[in-house]
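Down below is the structure, laid out as structure tokens.
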Amino acid sequence: MLCTASIDEGVPRFLKGQGQGWITAEYGMLPRSTHTRNAREAAKGKQGGRTMEIQRLIARALRAAVDLKALGEFTITLDCDVLQADGGTRTASITGACVALADALNKLVAAGS
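Going by this note's numbering, the sequence shown opens with residue 8, and the numbers climb by one from there.
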């Protein structure tokens, strides 16, 4: 599992002016993360239901753990890429994304944002 966090100024339109941040997630399996090669979902033109479900799960779990008002008007995007799918990718994604989120929040605190 490879998880990263990106910090961007601004929030989605529905949160503008409310003084709170947002956390979102993207999840994907690399083509050779399984025993047989799977095509990237981007090559198919749309995401599958499983992928969308996992993205929502990651984002909701971590939004519940963060004071979004204290975050200010920043958006943190968590990217989780499966390198080897041998079971437990949902929980591994949440764990990895949590570590990436902690690093991002520490960076914001250190910068005084």
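For every residue, glycine included, the Cβ atom is placed at its ideal position computed from N, Cα and C. This structure is a prediction, so every number in the text was calculated from the model and none was measured.
- The Cβ-Cβ distance between Leu69 and Leu108 falls below 8 Å.
- Between Asp110 and Glu33 a beta carbon distance of about 17 Å is seen, past the 8 Å cut, so the two are scored as non-contacting.
- Annotation: the continuous beta strand (DSSP E) that includes Asp86 extends over 81-89.
- Collapsing the DSSP output to three states places Asp74 in coil.
- Cα atoms of Gly95 and Asp88: separation of roughly 13 Å, rounded to the nearest angstrom.
- For Thr11, the uninterrupted beta strand (DSSP E) run begins and ends at 9-16, by DSSP.
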